[in-house]
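This report refers to the structure that appears directly beneath it.
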Ligand code: GLN
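Numbering (full-length UniProt numbering), first residue to last: 1 to 292.
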């Protein structure tokens, strides 16, 4: 039995925030209480003495206990915002990160055809594909994932947001229909199997299929760089997210396999976070374009 006075929003939030570790205990507590009660977070400040129902308090403390054990807040809420889009998330795939919004920005900075054909490889929740769809309704956007649950999740998010994309189940390029894209974009797994970060924070609860790529973290990036040109129009782009310390290695991979315009860009924290490159335009088509 929880005492009456401890059922105010303020008291519940204080008790929870004292237990939750991490960067944002108060925010986490507010998000969980808002989720359980349906009350907006601002109401906790405007009306701290408001009482919640006893079973809501119980449910709240169950969630707080899971958060204390390290469960990511996004999995507990079943939702994460990305590019201002509320995305449904699940433990079958990665929680979209703010840094990946920089990848979306980079894609939007490219000169692409009005009706560009775009593919987001390893889409997970569909985050990148849906962000691009929200900006460019004229683009034809495809997304792929190897994991059945992720394919369903991305399709569910597409429907819920009313942003049409075509989601196919495929391990990278394996099951893709013949197509020549203008842009291939991906946030692939890029963590080295031995990286100690895998034992810390949210990633402990995320599937290794979305995180880990071989001994140096570059297995999937190597595949995307070596096969990407087969799926691109001449002059098409491949844009990849990678680890903060992988920029040089990824530029080298691109250079080794004959890509042009190789460029690394930074994330909000100033780390080298993504590299893009262009499929060369053959002399023949460059001559034709010039002659026109
Ligand atoms: N950026 C994520 C992290 O380090 C990893 C994402 C990924 O492997 N694609 O937590």
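All residues carry an ideal CB built from backbone N, CA and C; glycine is no exception.
- Task: Quick one: residues in its chain with C-beta nearer than 6 Å to the C-beta of residue 246, no 5 flanking neighbours on either side, listed in chain order?
- Result: Position 246 of the chain shown, counted from the first residue, corresponds to residue 246. Within its own chain, no residue has a Cβ closer than 6 Å to the Cβ of residue 246 once the five positions on either side in sequence are excluded.
- Could you tell me if residue 159 is buried or exposed, where buried requires 16 or more neighbouring beta carbons within 10 angstroms of its beta carbon? The sequence position of residue 159 within the chain shown is 159, counting from 1. Exposed: under 16 other Cβ atoms inside 10 Å.
- Message: For residue 279, tell me which candidate among 9, 238 and 172 has the shortest Cα-Cα distance.
- Response: Residue 279 sits at position 279 when you count from the first residue of the chain shown. Checking every option, the nearest Cα to that of residue 279 belongs to 238.
- Message: So, does the stretch 132 to 145 touch the stretch 111 to 123, judging by three or more C-beta pairs under 8 Å?
- Response: Yes, the stretch 132 to 145 touches the stretch 111 to 123.
- Helix, strand or coil at residue 199 [DSSP, three-state]: The residue given as residue 199 occupies position 199 in the chain shown. Secondary structure at residue 199: helix, using DSSP grouped into helix, strand and coil.
- May I have a chain-ordered list of the beta strand (DSSP E) segments no shorter than 3 residues that lie completely inside the stretch 126 to 151? Residue ranges of uninterrupted beta strand (DSSP E) with 3 or more members, entirely inside the stretch 126 to 151 and ordered along the chain, are 140 to 145.
- Task: Sort 232, 226, 272 and 62 by Cα distance to residue 258 and report the nearest one.
- Result: To locate residue 258, count along the chain shown from 1; it is residue 258. For residue 258, the nearest C-alpha among the options comes from 226.
- Anyone know if the C-beta pair for residue 121 and residue 207 falls short of 8 Å? The residue labelled residue 121 in the question sits at position 121 within the chain shown. The residue labelled residue 207 in the question sits at position 207 within the chain shown. Residue 207 is positioned such that its CB atom lies no closer than 8 Å to that of residue 121.
- Item | Backbone CA spacing between residue 17 and residue 94 [nearest angstrom] | Here residue 17 corresponds to residue number 17 of the chain shown, with the count starting at 1. Here residue 94 corresponds to residue number 94 of the chain shown, with the count starting at 1. One C-alpha to the other measures close to 26 Å.
- Endpoints, beta strand (DSSP E) assigned at residue 39: Reading the chain shown from its first residue, position 39 is the one you call residue 39. First-last for residue 39: undefined, no H or E at that position.
- Rounded separation between residue 155 and residue 167 - CA only: As a working mapping, residue 155 is identified with position 155 in the chain shown. As a working mapping, residue 167 is identified with position 167 in the chain shown. C-alpha separation (whole angstroms): 6 Å.
- Test item: CB-CB of residue 232 and residue 161 under 8 Å: As a working note, residue 232 is residue 232 in the chain shown. As a working note, residue 161 is residue 161 in the chain shown. Cβ distance not < 8 Å, so residue 232 and residue 161 don't count as in contact.
- Message: For the ligand GLN, is there any heavy atom lying closer than 7 Å to the beta carbon of residue 99?
- Response: Along the chain shown, read from residue 1 onward, the residue named residue 99 stands at position 99. Yes, the ligand GLN has a heavy atom inside 7 Å of this Cβ.
- Counting Cβ pairs closer than 8 Å, one from the stretch 211 to 221 and one from the stretch 146 to 155, do we hit at least three? For the pair of segments examined, the stretch 211 to 221 was found not to touch the stretch 146 to 155: the number of CB pairs separated by less than 8 Å stays below three.
- residue 51 - partner residues in DSSP beta bridges: Indexing the chain shown from 1 puts residue 51 at position 51. DSSP, once it has assigned bridges, lists 8 as partnering residue 51.
- Given a cut-off of 8 Å, decide if residue 50 and residue 100 are closer than it, judged by their beta-carbon atoms. Position 100 of the chain shown holds residue 100. Position 50 of the chain shown holds residue 50. Contact flag unset, no.
- When you compare each of 173, 130 and 20 to residue 104 by their alpha carbons, which one comes out closest? In the chain shown, residue 104 corresponds to position 104, counting from 1. The shortest C-alpha separation from residue 104 is found at 130.
- Query: Hey, is residue 190 close to the ligand GLN, as in C-beta under 7 Å from one of its heavy atoms?
  - Reply: Taking the first residue of the chain shown as position 1, residue 190 is located at position 190. Flag set: Cβ of residue 190 near the ligand GLN.
- Helix, strand or coil for residue 231, going by three-state DSSP, please let me know. By 1-based counting over the chain shown, the position of residue 231 is 231. Annotated three-state conformation of residue 231 is helix, per DSSP.
- Query: So what does DSSP say about residue 82, is it helix, strand or coil?
  - Reply: In the chain shown, counting from the first residue as 1, residue 82 sits at position 82. Look at residue 82 here: in three-state DSSP terms it is strand.
- Message: With three or more beta-carbon pairs closer than 8 Å as the criterion, would you say the stretch 65 to 83 touches the stretch 17 to 35?
- Response: A contact is defined here as three or more CB-CB pairs under 8 Å, and the stretch 65 to 83 meets this definition with respect to the stretch 17 to 35.
- Extent of the continuous beta strand (DSSP E) run through residue 181: The residue labelled residue 181 in the question sits at position 181 within the chain shown. Segment 181 to 186, the beta strand (DSSP E) holding residue 181.
- Touching or not, the stretch 190 to 204 and the stretch 167 to 178, by the rule of three or more beta carbon pairs under 8 Å? Counting Cβ pairs under 8 Å, fewer than three are found: no touch.
- DSSP state of residue 62 mapped onto helix, strand, coil: If you number the chain shown from 1, residue 62 lands on position 62. In the three-state scheme derived from DSSP, where H, G and I count as helix and E and B as strand, residue 62 is classed as helix.
- Message: Please report the straight-line C-alpha distance between residue 66 and residue 252, rounded to a whole angstrom.
- Response: Within the chain shown, the letter at position 66 stands for residue 66. Within the chain shown, the letter at position 252 stands for residue 252. In this model, residue 66 and residue 252 are separated by some 43 Å (Cα to Cα).
- The beta strand (DSSP E) enclosing residue 73, as first and last residue numbers: Within the chain shown, residue 73 is the residue found at index 73, counting from 1. Per DSSP, residue 73 belongs to no beta strand (DSSP E); it is in the alpha helix (DSSP H), 73 to 77.
- Message: Output needed for residue 82: all residues of its chain with C-beta closer than 6 Å, excluding positions within five of it in sequence on either side, in chain order.
- Response: On the chain shown, position 82 is the one that residue 82 refers to. So the list reads 96 and 127, once near-sequence residues are dropped.
- Message: For the ligand GLN, I want to know if residue 171 counts as a neighbour, meaning its beta carbon is within less than 7 Å of at least one of the ligand's heavy atoms.
- Response: Counting from 1 along the chain shown, the entry for residue 171 is found at position 171. Incorrect: residue 171 has no Cβ contact closer than 7 Å to the ligand GLN.
- Return the first residue and the last residue of the beta strand (DSSP E) that residue 99 is part of. Residue numbering aside, residue 99 sits at position 99 when the chain shown is read from its first letter. Run containing residue 99: none in the beta strand (DSSP E); it sits in the alpha helix (DSSP H), 99 to 108.
- Spell out the partners DSSP gives residue 212 in its beta bridges. Position 212 of the chain shown holds residue 212. In the DSSP assignment, residue 212 is bridged to 191.
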